[in-house]
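Residue numbering for the sequence shown follows the numbering used here, starting at 16 and increasing by one per position.
Here is the structure we will look at, set down as structure tokens.
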Amino acid sequence: MDSLLADIRFALRQFAKRPLFTAVVVVTLALGIGGNAAIFTVADQVLLRPLPYAEPEALVRVYTQFPSLGFERFWMSGPELMELAEWNRSFTAVGAWADGSFNVSDGENPVRVRGAAVNAAFFDVLGVAPVRGRWITAAEDQPAADPVAVLGHDLWERAFGGDPEVVGRTIQVDGITRTVVGVAPPGFDIADAGLELWLPLQLDPTATGGRGSHYLDVVARLAEGTSVEAARQEMHSLLARWDETFGEGEHHPNEDGHALVVHPLHVEAVGSARTPVLLLLGAVACVLLIACANVANLLLARAESRKREIAVRASLGAERARLVRQFLTESVVLSLAGGACGLLLAWGGLELALAANPGAVPRAAGIQLDGRAFAFTAAVALLTGLLFGLAPALRARAGDLFAGLKDGGRTSAGLSTLGVRRVLVAAELALATLLVLGAGLLLRSFWTLQQVDPGFDPGGTLSFQISLPSASYPDSPGVRAFYDRLLERLEALPGVATAAAFSGLPPARDVNANSTEFEGVEETEDRPANVDYYQIVTPGYFQAMGVPIVAGRPFQAGDTPTSAPVAVINQALAERFYPNENPVGKRIRRGWFGDDEPWYTVVGVAADVKQGGIDQPTGTELYLLHGQWDNVEGLSPPRTLYLAVRTAGDPLAQVPGVRRAVGALDPSLPLAEVKTLDRAVADSLTRPRFVTLLVAVFAAIALLLAAVGTYGVLAYAVEERRHEVGVRMALGADAGRVLRMVVGQGMRPVIAGLVLGLAGALLTGRLLASQLYGVTATDPVTYAVVPAVLVAVALVACLIPGRSATRTDPATALRSD
16 MDSLLADIRF ALRQFAKRPL FTAVVVVTLA LGIGGNAAIF TVADQVLLRP
66 LPYAEPEALV RVYTQFPSLG FERFWMSGPE LMELAEWNRS FTAVGAWADG
116 SFNVSDGENP VRVRGAAVNA AFFDVLGVAP VRGRWITAAE DQPAADPVAV
166 LGHDLWERAF GGDPEVVGRT IQVDGITRTV VGVAPPGFDI ADAGLELWLP
216 LQLDPTATGG RGSHYLDVVA RLAEGTSVEA ARQEMHSLLA RWDETFGEGE
266 HHPNEDGHAL VVHPLHVEAV GSARTPVLLL LGAVACVLLI ACANVANLLL
316 ARAESRKREI AVRASLGAER ARLVRQFLTE SVVLSLAGGA CGLLLAWGGL
366 ELALAANPGA VPRAAGIQLD GRAFAFTAAV ALLTGLLFGL APALRARAGD
416 LFAGLKDGGR TSAGLSTLGV RRVLVAAELA LATLLVLGAG LLLRSFWTLQ
466 QVDPGFDPGG TLSFQISLPS ASYPDSPGVR AFYDRLLERL EALPGVATAA
516 AFSGLPPARD VNANSTEFEG VEETEDRPAN VDYYQIVTPG YFQAMGVPIV
566 AGRPFQAGDT PTSAPVAVIN QALAERFYPN ENPVGKRIRR GWFGDDEPWY
616 TVVGVAADVK QGGIDQPTGT ELYLLHGQWD NVEGLSPPRT LYLAVRTAGD
666 PLAQVPGVRR AVGALDPSLP LAEVKTLDRA VADSLTRPRF VTLLVAVFAA
716 IALLLAAVGT YGVLAYAVEE RRHEVGVRMA LGADAGRVLR MVVGQGMRPV
766 IAGLVLGLAG ALLTGRLLAS QLYGVTATDP VTYAVVPAVL VAVALVACLI
816 PGRSATRTDP ATALRSD
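Structure follows, in structure tokens:
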């Protein structure tokens, strides 16, 4: 221990004598280690940590399927849920939820929150205890039971001041008085949905209707000893029981096109984030390896300058193992210092990246540096110190050391060290090429995504959501009258050109997948009678959203609740159901009520609007008027609508006026999801932007480190060969010839690394393909531009020491030898 402490003190003295060298090494390592610490924290939280439930490995998601419609994971209907819960033997409990947004108030200051209606078994499945009160009971989950609610922890603190007596208190939820029975623990959620309120689902076990109404998400807990595969096999056998029970006359799960599937909850929670996170891990690993190679180069150069010192120590009796330990001690001290600085970079960078891209990865709310991240960083720092410290340590051979005492000894040892350093430069360039190519492909992909036409004009438009409580607005005339009056007030605001209300906010909303009947059109397996998106709108929708009408006309003021029902379809629907025909004048109706459902006449065709995501294919879409939606008995128009307000100036400047307009009609109504349409489009690209930004940053760091490494090796080579350059110039070599010689020597490892990097990129391109949009993994533009940039950067790094060599004074060089 005394010897180790002596080595550490000696190392610190050495670093203090060379502050610039020490700073360069520590910063280089901080970049590599800090990036790894940050991305490990993301990967640990997203991919590795168990979900915050009791025995989370026993939790699964259960979905229905409609492969003919392209839905591999679909919701379940109420009757299907109750039958599954009763018939299965694989699960100890089957929970369900249907999420949405709710107006919550304690009598004043209403807030709009995300919440869910859940069955009582939902909490049994997850096995988490409330922090106050209790969960919803089975008795409260029955139809007509007393209305109750469970508050999320954040909602309890934010809206109710963390009142310790909140249990038993009454609150207003969408105008209904409910009793608070419990408070959930901090962070309690499901499917990363941001839920803060839980209400009883209250399915009626005696109601057999609504079998085709799929709206429930399902989570279940496996019975002890039951595997996921066994549960899958039972779901397959249950399909036969459904067939026997219902036959062919009624909608039910079946083998032909409506199966049940089971997937582990953790796999579903991670979802599509797994590949981007692994991609980021690969990127930061490349940066760390490049940093290690760079630092190894620096230490090799420093070791050459210390040959005489080390040789003297060896001649005085220091054993090789003792010298190697000194090298490794110095490198580990440097790496630990770099790791400490890297943690600061990781903390700041992670906070900044997640704040700028909220929702980019699942479970983002819990991502922060913790003990596991510190332990990982310490391990990486220690391993990194040993890794880059090996290069100078292995150079500590006795022959090399004692050669340092001779005048001519430095040349052969220096050239040998130079070869090792050139190999390291080639490795740096190979890794940098791989990383910069990946960043180039992602940047091209993201740029292509940004050029995609969403189908509407987001500029200068404010959007927000309003929800009318059924208790306050019990009938259709009241709902329609409120929105009519609100739109009048909004359009009267100074600077507002037009306003409209609609049911779904593009460009990222859930699919509807509604069965629909098309008069005169035969349903086939390739063309099922189903529409991806229903958009319920007020007449000014197409003008407010800037959606072009490509055929026929938009909705007009004359299209009223009492006039003939009309519809507008999008181009995708027209091409699927009316190929080579003019769809205007065709008739369509919802497929829910049979002959009781009126026909809607198509009066126009709208341009396609991206509804399921900018990077997703355009779905079929049917536009129906809000005022004509409830033309079947028992059906009411949607109470929750988005509103778009197109303005002549800054849309956000209209927010105070909008709040006053809503408050004048109903002060109990909060505004939700207030943002510009530009922001809505940007939010739909959060994940690709997050991944592209981080990979681009890591690629820039890698390129900088590789350029510095190339420069360092060549500058060292020029210094080692200063005498040779002087002799060449004394014999008549001009500056141009010397420059070409130096640059040529410097570019050899660069070209070698570039070739290796290109080959590696071609081999691993398929791993990146799933993250690209509109660009192939072998995009010729990227593969042409990136090598050119790398060569240009390397040339600049080589020209600086090359020009230094051309300024060598032959007489001075010969005298110094």
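In this text, a Cβ means the ideal position worked out from N, Cα and C, and glycines have one as well.
Roughly how many whole angstroms lie between the Cα atoms of residue i and residue j?
{"i": "valine 796", "j": "arginine 129", "result": "45 Å"}
{"i": "valine 109", "j": "serine 518", "result": "31 Å"}
{"i": "leucine 62", "j": "glycine 381", "result": "13 Å"}
{"i": "aspartate 525", "j": "glycine 759", "result": "58 Å"}
{"i": "aspartate 499", "j": "alanine 579", "result": "19 Å"}
{"i": "valine 188", "j": "valine 40", "result": "59 Å"}
{"i": "leucine 456", "j": "leucine 787", "result": "7 Å"}
{"i": "threonine 426", "j": "asparagine 312", "result": "Unreliable positioning characterises threonine 426 in this predicted model, as indicated by a pLDDT of 47, which lies under 50. The coordinate reading is nonetheless provided below. Rounded to whole angstroms, threonine 426 to asparagine 312 spans 18 Å at the Cα level."}
{"i": "leucine 314", "j": "valine 804", "result": "28 Å"}
{"i": "serine 10", "j": "glutamine 643", "result": "An answer regarding residue 10 cannot be provided, because it is not within the stretch 16 to 832 covered by the chain."}
{"i": "leucine 684", "j": "arginine 674", "result": "9 Å"}
{"i": "serine 105", "j": "leucine 74", "result": "11 Å"}
{"i": "glutamate 739", "j": "leucine 729", "result": "15 Å"}
{"i": "proline 200", "j": "leucine 212", "result": "12 Å"}
{"i": "glycine 627", "j": "aspartate 698", "result": "13 Å"}
{"i": "leucine 402", "j": "alanine 809", "result": "25 Å"}
{"i": "phenylalanine 417", "j": "alanine 31", "result": "Annotation note: pLDDT 49 at phenylalanine 417 (below 50); position unreliable, coordinate value reported separately. Answer to the nearest angstrom: the Cα atoms are 27 Å apart."}
{"i": "proline 671", "j": "alanine 512", "result": "17 Å"}
{"i": "alanine 659", "j": "glutamate 70", "result": "45 Å"}
{"i": "serine 18", "j": "valine 57", "result": "40 Å"}
{"i": "glutamate 72", "j": "tryptophan 90", "result": "22 Å"}
What residues match up with residue i in a beta bridge as DSSP calls it?
{"i": "serine 530", "result": "Asn545"}
{"i": "glycine 115", "result": "Gly130"}
{"i": "alanine 516", "result": "Leu658"}
{"i": "lysine 690", "result": "Ser478"}
{"i": "methionine 91", "result": "Leu231"}
{"i": "glutamine 550", "result": "Tyr638"}
{"i": "isoleucine 584", "result": "Val620 and Leu637"}
Mind checking whether residue i and residue j have CB atoms under 7 Å apart?
{"i": "leucine 764", "j": "alanine 441", "result": "At residue 764 the sequence reads proline, which differs from the leucine that was named. Yes, they are a contact pair."}
{"i": "leucine 439", "j": "alanine 308", "result": "yes"}
{"i": "glycine 47", "j": "alanine 306", "result": "yes"}
{"i": "glycine 768", "j": "alanine 445", "result": "yes"}
{"i": "valine 546", "j": "threonine 633", "result": "no"}
{"i": "leucine 99", "j": "alanine 111", "result": "no"}
{"i": "tyrosine 68", "j": "glycine 148", "result": "no"}
{"i": "glycine 664", "j": "glycine 510", "result": "yes"}
{"i": "alanine 496", "j": "leucine 505", "result": "no"}
{"i": "glutamate 537", "j": "alanine 544", "result": "no"}
{"i": "aspartate 574", "j": "valine 583", "result": "no"}
{"i": "proline 158", "j": "aspartate 114", "result": "no"}
Using alpha carbons as the reference points, say which of the options lies closest to residue i.
{"i": "leucine 359", "options": "Gly49, Asn529, Val800 and Thr192", "result": "Gly49"}
{"i": "valine 395", "options": "Leu477, Gly475, Ala300 and Gly474", "result": "Ala300"}
{"i": "arginine 24", "options": "Thr152, Gln80, Ala390 and Glu345", "result": "Glu345"}
{"i": "valine 292", "options": "His229, Glu265 and Ala375", "result": "Ala375"}
{"i": "serine 530", "options": "Pro65, Arg226, Thr194 and Ile151", "result": "Arg226"}
{"i": "valine 77", "options": "Val234, Leu398, Leu304 and Gly751", "result": "Val234"}
{"i": "glycine 363", "options": "Pro373, Ser350, Glu534 and Leu384", "result": "Leu384"}
{"i": "phenylalanine 608", "options": "Gln586, Glu596, Glu648 and Leu343", "result": "Glu648"}
{"i": "alanine 715", "options": "Ala582, Arg602, Leu449 and Ser487", "result": "Leu449"}
{"i": "leucine 502", "options": "Thr553, Arg459 and Arg33", "result": "Thr553"}
{"i": "asparagine 118", "options": "Val706, Leu686, Asp749 and Gln341", "result": "Leu686"}
{"i": "glycine 567", "options": "Asn597, Tyr549, Thr290 and Gly573", "result": "Asn597"}
{"i": "glycine 789", "options": "Leu783, Ala336, Leu464 and Asp271", "result": "Leu464"}
{"i": "leucine 650", "options": "Ser491, Ala784, Gly272 and Asn124", "result": "Ser491"}
{"i": "alanine 355", "options": "Val339, Ala390, Leu367 and Glu366", "result": "Ala390"}
{"i": "proline 215", "options": "Phe138, Gln80, Ala26 and Arg743", "result": "Phe138"}
{"i": "glycine 194", "options": "Gly817, Glu155, Thr260 and Thr241", "result": "It should be pointed out that residue 194 corresponds to threonine in this sequence rather than to glycine. Of Gly817, Glu155, Thr260 and Thr241, the residue nearest in Cα terms is Glu155."}
{"i": "valine 753", "options": "Phe713, Lys601, Pro816 and Val800", "result": "Pro816"}
Measure the beta-carbon distance from residue i to residue j and round it to whole angstroms, keeping in mind my assumption that it falls under 8 Å.
{"i": "proline 145", "j": "glycine 197", "result": "4 Å"}
{"i": "valine 562", "j": "alanine 523", "result": "About 16 Å separates the two Cβ atoms, so there is no contact after all."}
{"i": "alanine 5", "j": "tyrosine 638", "result": "This structure cannot settle anything about residue 5, because the visible part of the chain is limited to 16 through 832."}
{"i": "tryptophan 102", "j": "leucine 253", "result": "6 Å"}
{"i": "threonine 725", "j": "alanine 812", "result": "4 Å"}
{"i": "isoleucine 54", "j": "leucine 343", "result": "The Cβ separation is near 27 Å, so there is no contact."}
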